[in-house]
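Per our numbering: the sequence shown = residues 174 to 523. Report on the following structure.
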Amino acid sequence: MTDLLLLPGDGIGPEVTREARRVAEALAPELKIAEGPFGGASYDAHGVPLTDETLGAAKAARAVLMGAVGGPKWAGVPRDKRPEAGLLALRAGMGVFANLRPALCFQPLADASTLKREVVEGLDIMIVRELTGGIYFGSPRFIEELPGGGKRAVDTQVYTTAEIERVSRIAFELARGRRNKVTSCEKSNVMDSGLLWREVVTDLHKREFPDVQLEHMLADNAAMQLVKNPRQFDVILTDNLFGDILSDEASQLTGGLGLLPSAALGAAGTPGLYEPIHGSAPDIAGRGIANPLAAILSLEMALRWSLERPDLADRLYAAVGRALDKGARTPDIGGSLTTAQMGDAVLAEL
Ligand code: IPM
Ligand code: MG
Numbered sequence: 174m175t176d177l178l179l180l181p182g183d184g185i186g187p188e189v190t191r192e193a194r195r196v197a198e199a200l201a202p203e204l205k206i207a208e209g210p211f212g213g214a215s216y217d218a219h220g221v222p223l224t225d226e227t228l229g230a231a232k233a234a235r236a237v238l239m240g241a242v243g244g245p246k247w248a249g250v251p252r253d254k255r256p257e258a259g260l261l262a263l264r265a266g267m268g269v270f271a272n273l274r275p276a277l278c279f280q281p282l283a284d285a286s287t288l289k290r291e292v293v294e295g296l297d298i299m300i301v302r303e304l305t306g307g308i309y310f311g312s313p314r315f316i317e318e319l320p321g322g323g324k325r326a327v328d329t330q331v332y333t334t335a336e337i338e339r340v341s342r343i344a345f346e347l348a349r350g351r352r353n354k355v356t357s358c359e360k361s362n363v364m365d366s367g368l369l370w371r372e373v374v375t376d377l378h379k380r381e382f383p384d385v386q387l388e389h390m391l392a393d394n395a396a397m398q399l400v401k402n403p404r405q406f407d408v409i410l411t412d413n414l415f416g417d418i419l420s421d422e423a424s425q426l427t428g429g430l431g432l433l434p435s436a437a438l439g440a441a442g443t444p445g446l447y448e449p450i451h452g453s454a455p456d457i458a459g460r461g462i463a464n465p466l467a468a469i470l471s472l473e474m475a476l477r478w479s480l481e482r483p484d485l486a487d488r489l490y491a492a493v494g495r496a497l498d499k500g501a502r503t504p505d506i507g508g509s510l511t512t513a514q515m516g517d518a519v520l521a522e523l
């Protein structure tokens, strides 16, 4: 049985996953690691971004660590064969409905954010984004020609009680192990799906989590509050589309997309999908200067949430912190280390 399936993917994906693999091999040599084709690389080799074999291997592994997918090379490919379509199919196929996206500011990097140090220092937010529903997957979706000329495009935002409840439960449970506060974000002032979201979260809170502090916030206000006073947040709970946007925004509070991991979790006992929040960065791909820390910290999340080795996760997290303390920096955070040298810096601290 594979413990960890690596899907390096496109752009800087293979470069950063290579470092995560070196760290995994050093930290837990007993782990069985395998690799599979995914994204644009899979499209080039097999004509589809996600083969049945790769999906099967992902579902059979204990954890999946992905690099990144996509790039200008596949811009002209039909939408259902684009690398991004492969990613959505992987998320849906694995049933990983809860996406945990931490935004935390490592002390030595507080000045790397475009926001003032006093606003971001000590920041520790966990965004819980619903990942397999909402407008990303709703039907109908189409573009049609109108008889009088022009076109009409339709996407559908759709959520059921069960979908909202299962992701909310994860957010409340996480909050209990943190600062005990959940901020649920939707647009209940204009959207029916937002109304249902608020209703379901409120009911679940009353029934199962009355000890957790719950606050509702309209998603546009949350976007503003994130840059105004980000430390008011502990756990942010939100849908697929708002979560996509708010997590990109939150990443910039920390001084670097290159540092942020994520975990996508499904039902208990099923494998999690771990990926850096950053994309494939085609502009720097192949130059060996990408920051591998987001991939390495995604491995940290995999050790914690799927591989049942929180002890190793703690060790790895501490090692990354020490490497940063000692000044290890790739160019994106103001240094000159290569991807491999940054991997070495973490390995040296293990
Ligand atoms: C993300 C990405 C993906 C998303 C894209 C690549 C499909 O932006 O993981 O946030 O929109 O979910
Ligand atoms: Mg995104």
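Where a beta carbon is used, it is the ideal one built from N, C-alpha and C, also for glycine.
- Of the candidates Asn413, Phe382 and Lys324, Asn413 places its Cα closest to the Cα of Ile337.
- Rounded to the nearest angstrom, the gap between the Cα atoms of Gly311 and Ser366 is 12 Å.
- Listed in chain order, the non-local C-beta contacts of Glu188 below 6 Å within the same chain comprise Ala463 and Thr512, local neighbours out to five positions each way being set aside.
- Residue pairing by DSSP places Ala241 opposite Gly182 in a beta bridge.
- Sorting Leu304, Ser286 and Arg302 by C-alpha distance to the C-alpha of Leu296 places Ser286 at the top.
- For a cut-off of 8 Å, the C-beta gap from Ala262 to Gly186 is around 17 Å, too long to register as a contact.
- Closer than 7 Å to some heavy atom of ligand 1: that describes the Cβ of Asp417.
- The stretch 424-439 makes contact with the stretch 267-276: 3 or more CB pairs, one atom from each, lie closer than 8 Å.
- The C-beta distance from Phe270 to Arg371 rounds to 19 Å, too long to fall under 8 Å, and the pair is not in contact.
- Look at the beta carbons and you see the stretch 398-418 not touching the stretch 194-211: under three pairs across the two are nearer than 8 Å.
- By the 16-neighbour rule on beta-carbons within 10 angstroms, Arg325 is exposed.
- For the options Ala521, Asp217 and Met299, the alpha carbon positioned closest to that of Gly249 is the one of Asp217.
- C-alpha of Ala521 to C-alpha of Asp498: approximately 13 Å in a straight line.
- Annotation: the continuous alpha helix (DSSP H) that includes Glu422 extends over Asn413 to Ser424.
- When C-beta atoms of the stretch 313-324 are compared with those of the stretch 449-457, fewer than three pairs fall below 8 Å, so the two segments do not count as touching.
- The stretch 342-350 makes contact with the stretch 382-398: 3 or more CB pairs, one atom from each, lie closer than 8 Å.
- The beta carbons of Ala193 and Ala468 sit closer together than 8 Å.
- Not one heavy atom of ligand 1 is found less than 7 Å from the C-beta of Glu208.
- The residues Glu303, Gly306, Gly307, Ser366, Leu369, Trp370 and Asp412, in chain order, have a CB closer than 8 Å to that of Tyr332 in the same chain once the five nearest residues on each side in sequence are set aside.
- DSSP, read as helix, strand or coil, puts Thr356 in strand.
- Within its own chain, the residues whose Cβ lies closer than 6 Å to the Cβ of Pro181, once the five positions on either side in sequence are excluded, are Pro187, Thr190 and Gly240, listed in chain order.
- Taking the Cβ atoms as the reference, Pro222 lies roughly 6 Å from Ala258, within the contact range of under 8 Å.
- Exclusion of the five residues before and after Ala207 leaves Thr175 and Leu178 as the residues of its chain whose Cβ lies within less than 6 Å of its Cβ.
- Nearest neighbour of Gly445 by Cα position, chosen from Pro483, Lys232 and Lys379, turns out to be Lys232.
- For Gly431, the Cβ stays outside the 7 Å cut-off from all heavy atoms of ligand 1.
- Boundaries of the beta strand (DSSP E) harbouring Glu388: Gln386 to Leu391, taken from the DSSP string.
- One thing to note: Val374 has its Cβ no nearer than 8 Å to the Cβ of Ser361.
- For Thr329, the number of other beta carbons within 10 angstroms of its own is below 16, and it is reported as exposed.
- Leu238 is a Cβ neighbour of Ser471, given a cutoff of 8 Å.
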